[in-house]
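Here's the structure we're looking at; comments come further down.
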Amino acid sequence: MNHGTIGAQRLVSQQIARPTFSEPGEAVRWLGAVQAQDYLGALWAVAVRTVGATEQTVEQALAERRIVRTWPMRGTIHFVAPADVRWMLELLAPRVVQRSQGRLRQLGLDATTLAASATVIAKALEGGKQLTRPALYGVLESAGIAAGEQRGLHILGQLAHERLICFGARNGKQPTFTLLDEWVPSAPSLPRDEALATLALRYFTSHGPATVQDFVWWAGLPVADAKAGLGAASAQLASTTLDGQTYYFAEQHAAADGGEPCAVLLPPFDELLVAYRDRSASLDPAYNNLIVPGGNGIFNPIVVIGGRVVGTWKRVLKSDRVVLTFSPFVPWSDPQALALPAAAERYSRFLGLPAVMV
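Counting in the working numbering, the sequence shown runs from 752 upward without gaps.
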């Protein structure tokens, strides 16, 4: 392993190159969590890591509760496996909640108001009901709890962190919310030490080679907790030190090279980039501003060839086709240009629409 191979090794560990799972929920569980605030992009993030998956099959996995969408880490929406949702929230959400206290105070959301909100929303959702965000805001307003000026948004996020609610099925293009205990079967809690070790093993197995700093970023854990989890899991991991930095990964990925350099189109906020504090193994820092313009936190979709991000792409959906536009960082080389049609075809199969490259 060297700095030049890390990006290609991550393609394999993340199941982008040579995926082995045939069920979307298995791919999500392998990764631990898949960032999913961009819902349509997250469907593709799962499908690209699942053999033969389409947009429809991933949405079916969500509807059948084989994947759960909620806020397990960093205050950001992710897909997680049903068996993992509770212990992950129990482990990771308290730090997010602690950091949000200042904003909650600004919004006038004290403990009494949040408790009243929980009671009102639990009653509105009991019996398997699924309501959209505007509908829940209406429920709060009817109970005398103001939901404007981002209060409703923070109330719902807080209740998700408290394991009261999660996302339900889509209502057209609108997400809905439902009671977690009615949506996901109960599962045993994990002791904190075991949860830290489980999360560390999951991360380094599915995202390695990666550093402890990368794990701290991805999980949103204090450094001491991240190191404790890694220490407990390290016997099941391999490691290599490069320029004083230690990278951890699964032994079976030690010699992984990603295979023949191939192209793949990845969505915004894909784990190949967002899961690492240091993204230079896949992205030349000179192009950071093309991926996250102005450092605004909004990631563009990326073109990856041989483990390196080499450009961005956009899609325009038509009734009978999808039009793909590419913006390379530098003009495509002949091998890169020849690799793009296969990437477009892979995305075409996901949508069930012919792809037109322009």
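All C-beta atoms in this analysis are idealised placements derived from N, C-alpha and C, irrespective of residue type, glycine included.
query, result
"Residue 965 versus 1032, 1052 and 850, residue with shortest Cα-Cα distance", "1032"
"CA nearest to the CA of residue 847, picked from 997, 1065, 823 and 898", "823"
"Neighbourhood of residue 1131 by C-beta, 7 Å cutoff - its chain only, sequence neighbours within 5 removed", "Only positions 752 to 1109 of the chain appear in the structure, and residue 1131 is not among them; the question remains open."
"Per DSSP, cross-strand counterpart(s) of residue 1016", "1054"
"Identity of the residue in 895, 811 and 1075 nearest residue 1097 by Cα", "1075"
"Enclosing alpha helix (DSSP H) for residue 978 [first to last residue]", "974-984"
"Closest by C-alpha distance to residue 955, when choosing among 756, 1003, 928 and 1078", "1003"
"Residue 831 versus residue 949 - alpha carbon distance", "14 Å"
"Residue interval of the beta strand (DSSP E) (run including residue 916)", "916-918"
"Opening and closing residue of the alpha helix (DSSP H) in which residue 829 lies", "Unbroken run through residue 829 is the beta strand (DSSP E), 827-831; no alpha helix (DSSP H)."
"Inter-residue spacing [alpha-carbon to alpha-carbon] between residue 783 and residue 1073", "31 Å"
"Boundaries of the alpha helix (DSSP H) in which residue 874 is found, first to last residue", "862-876"
"Reduced DSSP category for residue 823 - H, G, I as helix; E, B as strand; rest coil", "strand"
"Delimiting residues of the alpha helix (DSSP H) encompassing residue 893", "884-893"
"7 Å CB neighbourhood of residue 990 in its chain, flanking five on each side removed", "997, 998 and 999"
"Contact the segment 788-807 vs the segment 1076-1096: 3+ CB pairs below 8 Å", "no"
"Cut-off 6 Å between Cβ atoms - residues of its own chain near residue 1104, not counting five sequence neighbours on either side", "1072 and 1073"
"Residue 1022 versus 761, 992, 756 and 1062, residue with shortest Cα-Cα distance", "761"
"Buried or exposed (CB count within 10 angstroms, at least 16 for buried), residue 912", "buried"
"Opening and closing residue of the alpha helix (DSSP H) in which residue 1092 lies", "1085-1102"
"Residue 854 (DSSP reduced to helix, strand or coil)", "helix"
"Cβ contact (3+ pairs, closer than 8 Å) linking the segment 920-934 and the segment 872-885", "yes"
"Best match in 805, 851 and 962 for proximity to residue 907 [C-alpha to C-alpha]", "851"
"Given 8 Å, three or more beta-carbon pairs between the segment 975-990 and the segment 1041-1056", "no"
"Backbone CA spacing between residue 1013 and residue 1088 [nearest angstrom]", "11 Å"
"Whole-number beta carbon distance between residue 1041 and residue 1080, since they are thought to touch under 8 Å", "7 Å"
"Distance CB(residue 819)-CB(residue 836) smaller than 8 Å", "yes"
"Per DSSP, cross-strand counterpart(s) of residue 1108", "1075"
"Candidates 897, 1039 and 916, of which the one nearest residue 869 by Cα", "916"
"Own chain residues within Cβ distance below 6 Å of residue 1018, not counting five before or after", "792, 795, 796 and 1052"
"Environment of residue 773 [buried if 16+ CB atoms lie within 10 Å]", "exposed"
"Cβ pair residue 971, residue 843 closer than 8 Å", "yes"
"Local Cβ density within 10 Å of residue 821, reported as buried at 16 or more and exposed below that", "buried"
"Under 8 Å between C-beta atoms of residue 1020 and residue 788", "yes"
"Whether residue 941 touches residue 838 by CB criterion (8 Å)", "yes"
"C-alpha gap between residue 755 and residue 875, whole angstroms", "54 Å"
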